[in-house]
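A.B. asks:
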Amino acid sequence: MGDNSDNQGQDANKGPTVADFIPFAELSGFLEKVQRKQGNENKKTLFKSFLAKWREFYQELKKDNPNAIDSFYPAMRLILPQLERERMAYGIKEHTLAKLYIEILGLAKESTDAKKLLNYRAPTAKQEAGDFASVAYFVLRNRCPEKGSLTIKEVNDCLDAVAVNNAAKKKDVVKKNLMHLLRNTSAIEQKWLIRMIMKEMKIGLSQTSVFAAFHPDAEDFFNVTNSLAKVCTDLADPKVRLNDIAISLFSPFSPMLGMRANTNQVERLMNHQPFYIETKLDGERIQLHKNGDNYKYFSRRSHDYSSSFGESPLSGSLTPFISNCFKSDVSECILDGEMCAYNTKTNALISKGENFDVKSLRDEEDIQVCYCVFDILMLNGEKFANRPLHERLNHLKKVFNPVPGRFQIVDQKQASTKSEVIDALNEAIDLHEEGIIIKQPDSTYRPDKRKGSGWLKIKPEYIDNLMDELDLLIVGGYFGKGIRAQMISHFLLAVAVPPREGQHPTIFQSFAKVGSGYSLKELYEYNQKLAPHWKPYDKDRPPKFLQCTKEKPELYLDPSKSFIVQIKAAEINSSNTYKTGCTLRFPRLEKVRDDKEWHQCMTTDEVENLREASEGKLAGRHVEMNEEDGSPKKKRILSRANRPVAVASQFRGVDSSEVQKVSEVLADKEICVINGPPGKGKPELEKIVIEMGGQIVQNPGQETLCVIADKVNLRLRNIIRSDVYDVVKASWLLECKESKKHLPWLPAHMIHTSPQTKAKFAEDYDKYGDSFTKDVTPEKLEEVFQKVASEIDQDISSEVMAEIEMKYFPQESPFGLFRLCKVYLDSCLVISDQSTHIKDCSLELVALELRFYGATTTEEMTDDVTHVIVDKRDLSRVPEYRKIGRTKEKKFHVVTSEWVSDSIEAGRMKTERLYEAPLPKP
Numbered sequence: 001m002g003d004n005s006d007n008q009g010q011d012a013n014k015g016p017t018v019a020d021f022i023p024f025a026e027l028s029g030f031l032e033k034v035q036r037k038q039g040n041e042n043k044k045t046l047f048k049s050f051l052a053k054w055r056e057f058y059q060e061l062k063k064d065n066p067n068a069i070d071s072f073y074p075a076m077r078l079i080l081p082q083l084e085r086e087r088m089a090y091g092i093k094e095h096t097l098a099k100l101y102i103e104i105l106g107l108a109k110e111s112t113d114a115k116k117l118l119n120y121r122a123p124t125a126k127q128e129a130g131d132f133a134s135v136a137y138f139v140l141r142n143r144c145p146e147k148g149s150l151t152i153k154e155v156n157d158c159l160d161a162v163a164v165n166n167a168a169k170k171k172d173v174v175k176k177n178l179m180h181l182l183r184n185t186s187a188i189e190q191k192w193l194i195r196m197i198m199k200e201m202k203i204g205l206s207q208t209s210v211f212a213a214f215h216p217d218a219e220d221f222f223n224v225t226n227s228l229a230k231v232c233t234d235l236a237d238p239k240v241r242l243n244d245i246a247i248s249l250f251s252p253f254s255p256m257l258g259m260r261a262n263t264n265q266v267e268r269l270m271n272h273q274p275f276y277i278e279t280k281l282d283g284e285r286i287q288l289h290k291n292g293d294n295y296k297y298f299s300r301r302s303h304d305y306s307s308s309f310g311e312s313p314l315s316g317s318l319t320p321f322i323s324n325c326f327k328s329d330v331s332e333c334i335l336d337g338e339m340c341a342y343n344t345k346t347n348a349l350i351s352k353g354e355n356f357d358v359k360s361l362r363d364e365e366d367i368q369v370c371y372c373v374f375d376i377l378m379l380n381g382e383k384f385a386n387r388p389l390h391e392r393l394n395h396l397k398k399v400f401n402p403v404p405g406r407f408q409i410v411d412q413k414q415a416s417t418k419s420e421v422i423d424a425l426n427e428a429i430d431l432h433e434e435g436i437i438i439k440q441p442d443s444t445y446r447p448d449k450r451k452g453s454g455w456l457k458i459k460p461e462y463i464d465n466l467m468d469e470l471d472l473l474i475v476g477g478y479f480g481k482g483i484r485a486q487m488i489s490h491f492l493l494a495v496a497v498p499p500r501e502g503q504h505p506t507i508f509q510s511f512a513k514v515g516s517g518y519s520l521k522e523l524y525e526y527n528q529k530l531a532p533h534w535k536p537y538d539k540d541r542p543p544k545f546l547q548c549t550k551e552k553p554e555l556y557l558d559p560s561k562s563f564i565v566q567i568k569a570a571e572i573n574s575s576n577t578y579k580t581g582c583t584l585r586f587p588r589l590e591k592v593r594d595d596k597e598w599h600q601c602m603t604t605d606e607v608e609n610l611r612e613a614s615e616g617k618l619a620g621r622h623v624e625m626n627e628e629d630g631s632p633k634k635k636r637i638l639s640r641a642n643r644p645v646a647v648a649s650q651f652r653g654v655d656s657s658e659v660q661k662v663s664e665v666l667a668d669k670e671i672c673v674i675n676g677p678p679g680k681g682k683p684e685l686e687k688i689v690i691e692m693g694g695q696i697v698q699n700p701g702q703e704t705l706c707v708i709a710d711k712v713n714l715r716l717r718n719i720i721r722s723d724v725y726d727v728v729k730a731s732w733l734l735e736c737k738e739s740k741k742h743l744p745w746l747p748a749h750m751i752h753t754s755p756q757t758k759a760k761f762a763e764d765y766d767k768y769g770d771s772f773t774k775d776v777t778p779e780k781l782e783e784v785f786q787k788v789a790s791e792i793d794q795d796i797s798s799e800v801m802a803e804i805e806m807k808y809f810p811q812e813s814p815f816g817l818f819r820l821c822k823v824y825l826d827s828c829l830v831i832s833d834q835s836t837h838i839k840d841c842s843l844e845l846v847a848l849e850l851r852f853y854g855a856t857t858t859e860e861m862t863d864d865v866t867h868v869i870v871d872k873r874d875l876s877r878v879p880e881y882r883k884i885g886r887t888k889e890k891k892f893h894v895v896t897s898e899w900v901s902d903s904i905e906a907g908r909m910k911t912e913r914l915y916e917a918p919l920p921k922p
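The opening residue of the sequence shown carries number 1 in full-length UniProt numbering; numbering runs sequentially from there.
In structure tokens, the structure reads:
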């Protein structure tokens, strides 16, 4: 225990504590009694009795030791370990602890006891399956002393050492401390030690009851400070009341929260008085404490991130850039706000869902930390928590000079009607933001309060029919803990790989894990329905139908034995944890789709299409108002069950049941059709293949003869990029049908040639398709001349150019950056120089750059426009473009001209969402 000697010496200098003398066995015995006792009041009586004995012991100790310390904290941190903030997280889960016990006890891995520890969750395990502590007790009871010899302080020292050294990855020291605990505690003590380490006590006594028995103000004080140590120290005397709980400098507290609401409730909850509307920022809730050049940053859950953001003007990712922003007369302050990431190129905040951690962010690749402040709680020793919000905001404006992108005050606009709320929410949806916050101007700051606080939060997912819903299949399960023990509490969800025509899907890819949205009763019903079909998941021999990456279930079931569930989520994010390469953010189960068969779940293609169409955000519809009563109108959306089977139309094969084979021209030849010319679409071409004795596949494989297509699209580009398959024009298939022969391919037939075919062509033809050995006909000669002309033709189509660029620049074409973009430029902003009267169209140069890098520009808002470019100095027509966009089936982006210049500079098309043109300020 050498690692704790310094701490022990410091405690010794301060004087003895009660924890130095009370055996841990006594605390364990007390907890065992509380667990077995029935009734909350009886449990509280036991706790009060234990607390009274503790305080009596202190009075006796103080007679002989005047320097004795009175604090119930050493016991409280063990009774309520889930609330302990001072002690670091142990970082040890049940499976890790099981392996440590097996190693320490020298158990054989295949022994019965080892299997009990490792498989403690399995319903077949005895002694309270799902509760690792109880299972461990029965394994350890014959291997531990009958009575332990450690005091409460010694146990705390050991647990502190486990936490610190586990974080430092010093496994030997962790094992040494666990060994010390094992050798000096009884099995019943080990049971409670495990629960303390797991932070799941299961004594049936809530933290509210424990706090109420300790001190009348204990829970309120903890909600403010989030510190058990301060609760036990400052409220040690039950006679001392804390009527005005203070927010103090460098002491973290739980922030005030917004109550969930919808647009129809706002006016009533705001008492029909004016209110403020703010954008709900997508960052980390952080409070900043400043005292001179000392800074502290605390999270919503009171974690200290000062070392990340900077404890002084000389350190961290934020403090060096904001320390000089404070007004000269500001020495102390406490601010509340959101820590966000800011893109310096686009001058815009970035969504937290884009897979970055703002706490570890450093100024790299144009991204920096930005603190957005929306409240102030203390200034130069004066506290403002009991002041109204409008007064606090006036003080906030006097604290610092805002710096865009580093240190900002959150914009607020005053409103008074639900229509204004709906407009603000629709604007947030257009800008792919999380939602909006509504605040009462007279509201005081009430830490840790949500309901009735005067703050409301409104997100698109709180309003029916604004969110896209996903129909996913349950394919795996995870054993539960606590109240969900011995049940499957979480489910692994999957989507189907598109199957062949007329067949059910056979391959499913893991997509997300869900554990919320259903009641305990509903969970029990799901378990009852699925219980007979669960099978253990073997990582070494996984089921063939299920493709997983990092996230693997504990149990799985055959798709045909499962059912589809409807899932809602905030957005789709990239993730290598799941096979799909993406997953859902904040998923929740809405209902079981009893109207759909298991094979009608979403496919990988549908997920990708949805992700591309919405740029990840799953809120794409607007709130509309009923003209009759002014309430929000809920748009009726067709159920996914009314759609055809779950295979997307572009991947769906032709119905071959009534197609008659008329020849053997393509006998036993496997062909994949992607698309066809006008009048001869994919279904018609597939019928021709079947009529000529061929076989149709929806995805090319090892046996595929060729891929048939008429034009290059995204899917065909991916096939071409693989450089495995011959891609043949649809005209070849039509010629075969007409001649009733399997005609050989000619260079003129090919969209793309595989390496083998290319080598064969090189022996017989030049690069224009002119044969070295065969006489040329007038028709073939004309084709050759057309090919030669096309190489020098400056009016080559965008799609053909894209095909050429893909062939010769497979990574990124330097001059085809915007090749597939059709751009409408906003009416030019004319800038006039009064001295010279020179007029300049602000977007003229942008248009030239777009065309130089491959884009097509247009003067008309046609249906195939992909981008609208505006000058950020004139945003007056942005609302009109947004309105037009909502009526078009094919959506376009409305972006500022910086998107063009930044894309050219980066050598790739930047994400449009970061450059979306804002609405003009009123």
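Yeah, the Cβ is synthetic: ideal placement off N, Cα and C, and Gly gets one too.
Sorted by chain position, which residues of the same chain lie with C-beta nearer than 7 Å to GLU427's C-beta, five sequence neighbours on each side aside?
C.D. replies: Working through the sequence shown from its first residue, we reach residue 427 at position 427. The answer, listed in chain order, is LEU919.
A.B. asks: Buried or exposed: where does ALA495 fall if 16 or more other Cβ atoms within 10 Å of its Cβ makes it buried?
C.D. replies: In the sequence shown, residue 495 corresponds to position 495, counting from 1. At residue 495 the sequence reads Val, which differs from the Ala that was named. Classification of VAL495: buried, given that the 10 Å Cβ count is 16 or more.
A.B. asks: Between ALA531, VAL514 and GLY581, which has its C-alpha nearest GLU590's C-alpha?
C.D. replies: Looking up residue 590 in the sequence shown gives position 590. The residue with the shortest Cα to Cα distance from GLU590 is VAL514.
A.B. asks: What is the C-beta distance between LYS296 and PHE250, in whole angstroms, given that I count them as a contact (C-beta under 8 Å)?
C.D. replies: Locating residue 296 in the sequence shown gives position 296, counting from the first residue. Locating residue 250 in the sequence shown gives position 250, counting from the first residue. Between PHE250 and LYS296 the Cβ distance is about 5 Å, and since that is below 8 Å, they are a contact.
A.B. asks: Determine the burial state of ALA424: buried for a count of at least 16 other Cβ atoms within 10 Å of its Cβ, exposed for fewer.
C.D. replies: Residue numbering aside, residue 424 sits at position 424 when the sequence shown is read from its first letter. Its Cβ being crowded by 16 or more others within 10 Å, ALA424 is buried.
A.B. asks: Could you tell me which uninterrupted alpha helix (DSSP H) segments, each at least 4 residues in length, are contained entirely in the UniProt domain "BRCT" (813–917), listed from first to last along the chain?
C.D. replies: Listed in chain order, they are 844–852, 878–887 and 898–906.
A.B. asks: Counting along the chain, where does the alpha helix (DSSP H) carrying GLU427 start and finish?
C.D. replies: For this step, residue 427 is matched to residue 427 along the sequence shown. Looking at the DSSP string, the run of the alpha helix (DSSP H) that includes GLU427 is 418–430.
A.B. asks: Between the C-alpha atoms of ILE152 and SER49, what's the straight-line distance to the nearest angstrom?
C.D. replies: As a position in the sequence shown, residue 152 is number 152, starting the count at 1. As a position in the sequence shown, residue 49 is number 49, starting the count at 1. Spanning the two alpha carbons is a distance of roughly 18 Å.
A.B. asks: Do PRO498 and GLN698 have their C-beta atoms closer together than 8 Å?
C.D. replies: Position 498 of the sequence shown holds residue 498. Position 698 of the sequence shown holds residue 698. Yes, Cβ-Cβ distance for PRO498 and GLN698 is below 8 Å.
A.B. asks: Helix or strand or just coil, what does DSSP make of TYR120?
C.D. replies: For the purposes of this step, residue 120 is identified with residue 120 of the sequence shown, where counting begins at 1. TYR120: coil per DSSP, three-state reduction.
A.B. asks: Could you spell out the range, first to last residue, of the alpha helix (DSSP H) harbouring CYS736?
C.D. replies: Translated into the one-based positions of the sequence shown, residue 736 becomes position 736. 730–739 is the extent of the alpha helix (DSSP H) around CYS736.
A.B. asks: Of the choices GLN600, THR96 and LYS729, whose alpha-carbon is the least far from that of GLY676?
C.D. replies: Working through the sequence shown from its first residue, we reach residue 676 at position 676. The shortest C-alpha separation from GLY676 is found at LYS729.
A.B. asks: What's the gap between the Cα of LEU733 and the Cα of LEU685?
C.D. replies: Start at 1 with the first residue of the sequence shown, and residue 733 comes out as number 733. Start at 1 with the first residue of the sequence shown, and residue 685 comes out as number 685. Each residue's alpha carbon lies about 8 Å from the other.
A.B. asks: The alpha helix (DSSP H) that contains ILE674, what's its start and end?
C.D. replies: Reading the sequence shown from its first residue, position 674 is the one you call residue 674. Careful: ILE674 lies outside any alpha helix (DSSP H) and carries neither H nor E.
A.B. asks: Consult DSSP for GLY15 and reduce its assignment to one of helix, strand or coil.
C.D. replies: Taking the first residue of the sequence shown as 1, we reach residue 15 at position 15. Three-state result, GLY15: coil.
A.B. asks: Taking the alpha helix (DSSP H) that ILE688 falls in, what are its first and last residues?
C.D. replies: Counting from 1 along the sequence shown, the entry for residue 688 is found at position 688. It spans 682–691 - the alpha helix (DSSP H) in which ILE688 sits, taken as one unbroken run.
A.B. asks: Any beta carbon from chain B within less than 8 Å of ARG484's own beta carbon?
C.D. replies: No chain B appears in this structure, which consists of one protein chain only.
A.B. asks: Looking only at its own chain, which residues have a Cβ that is under 7 Å from the Cβ of TYR478, when we skip the five neighbours before and after it?
C.D. replies: Numbered from 1 along the sequence shown, position 478 holds the residue referred to as residue 478. Around TYR478: ILE488, SER489, HIS490, PRO553 and GLU554.
A.B. asks: In this structure, how does DSSP classify CYS706 when only helix, strand and coil are distinguished?
C.D. replies: Mapped onto the sequence shown, residue 706 falls at position 706. Correct three-state label for CYS706: strand.
A.B. asks: For GLN82, count the other beta carbons within 10 Å of its own beta carbon; 16 or more makes it buried, fewer makes it exposed. Which is it?
C.D. replies: On the sequence shown, position 82 is the one that residue 82 refers to. So GLN82 counts as exposed.
A.B. asks: Among residues of its own chain, excluding the 5 on either side of SER453, which ones have a beta-carbon nearer than 8 Å to its beta-carbon?
C.D. replies: Sequence index remark: in the sequence shown, residue 453 carries index 453 (1-based). Cβ neighbours of SER453 beyond the five flanking positions: MET256, LEU257, GLY258, MET259, SER443 and ARG446.
A.B. asks: Buried or exposed for ALA168, going by 16 or more other Cβ atoms inside 10 Å?
C.D. replies: For the purposes of this step, residue 168 is taken as residue 168 along the sequence shown, with counting starting at 1. Its Cβ having fewer than 16 others within 10 Å, ALA168 is exposed.
A.B. asks: In its own chain, which residues sit with a C-beta less than 7 Å from the C-beta of GLY15, not counting the 5 before and 5 after it?
C.D. replies: Indexing the sequence shown from 1 puts residue 15 at position 15. Only ASN65, ASN67, ALA68 and ILE69 meet the Cβ criterion.
A.B. asks: Buried or exposed: where does ARG77 fall if 16 or more other Cβ atoms within 10 Å of its Cβ makes it buried?
C.D. replies: For this step, residue 77 is matched to residue 77 along the sequence shown. Buried is the call here.
A.B. asks: Verify whether the separation of the beta carbon atoms of ALA855 and PHE818 is less than 8 Å.
C.D. replies: Taking the sequence shown and counting its residues from 1, one reaches residue 855 at position 855. Taking the sequence shown and counting its residues from 1, one reaches residue 818 at position 818. Yes, Cβ-Cβ distance for ALA855 and PHE818 is below 8 Å.
A.B. asks: Less than 8 Å between C-beta atoms, sequence neighbours within five positions excluded: which residues of the same chain meet that for GLY693?
C.D. replies: Residue 693 sits at position 693 when you count from the first residue of the sequence shown. Same-chain partners within the cutoff: LYS661, SER663, GLU664, VAL665, LEU666, ALA667, ASP668 and LYS669.
A.B. asks: Ignore the nearest five residues each way along the sequence and tell me which others in VAL174's own chain have a CB closer than 7 Å to its CB.
C.D. replies: Within the sequence shown, numbered from 1, the residue matching residue 174 stands at position 174. Cβ neighbours of VAL174 beyond the five flanking positions: VAL162, ASN165 and ASN166.
A.B. asks: Could you tell me the distance, in whole angstroms, from the CA atom of ALA748 to the CA atom of SER360?
C.D. replies: For this step, residue 748 is matched to residue 748 along the sequence shown. For this step, residue 360 is matched to residue 360 along the sequence shown. Going from the Cα of ALA748 to the Cα of SER360 covers about 56 Å.
A.B. asks: Taking Cβ to Cβ, would you say ALA890 is nearer than 8 Å to ASP863?
C.D. replies: Here residue 890 refers to the residue found at position 890 of the sequence shown. Here residue 863 refers to the residue found at position 863 of the sequence shown. Before going further, note that residue 890 is Lys rather than Ala in the sequence given. Going by C-beta atoms, LYS890 is nearer than 8 Å to ASP863.
A.B. asks: Can you find the residues in the same chain that come closer than 6 Å, C-beta to C-beta, to ASN642, ignoring five residues on each side of it along the sequence?
C.D. replies: On the sequence shown, residue 642 is found 642 positions in, with the first residue counted as 1. Unreliable placement is indicated for ASN642, whose pLDDT of 33 sits below 50; the coordinate value is still reported in the next sentence. The answer is none, since no qualifying residue turns up.
A.B. asks: For PRO543 and THR506, what's the separation of their Cα atoms in angstroms?
C.D. replies: For the purposes of this step, residue 543 is identified with residue 543 of the sequence shown, where counting begins at 1. For the purposes of this step, residue 506 is identified with residue 506 of the sequence shown, where counting begins at 1. Their backbone Cα atoms lie some 11 Å apart in a straight line.
A.B. asks: Report yes if the CB atom of VAL399 is closer than 8 Å to the CB atom of CYS340, and no otherwise.
C.D. replies: If you number the sequence shown from 1, residue 399 lands on position 399. If you number the sequence shown from 1, residue 340 lands on position 340. For VAL399 and CYS340, no; Cβs fall outside 8 Å.
A.B. asks: Can the beta-carbon of GLY316 be found less than 8 Å from the beta-carbon of GLN368?
C.D. replies: Numbered from 1 along the sequence shown, position 316 holds the residue referred to as residue 316. Numbered from 1 along the sequence shown, position 368 holds the residue referred to as residue 368. Not in contact: GLY316 and GLN368 (Cβ atoms no closer than 8 Å).
A.B. asks: Tell me whether the beta-carbon of THR580 lies closer than 8 Å to the beta-carbon of PHE511.
C.D. replies: As a first step, residue 580 is located in the sequence shown; it is residue number 580 there, counting from the start. As a first step, residue 511 is located in the sequence shown; it is residue number 511 there, counting from the start. Closer than 8 Å, so yes.
A.B. asks: With DSSP run on the structure shown, which of helix, strand or coil describes THR45?
C.D. replies: Locating residue 45 in the sequence shown gives position 45, counting from the first residue. In this structure, THR45 counts as helix in the three-state DSSP scheme.
A.B. asks: According to DSSP, which residues form a beta bridge with VAL495?
C.D. replies: Stepping through the sequence shown from its first residue, residue 495 is reached at position 495. Paired residues: GLN509.
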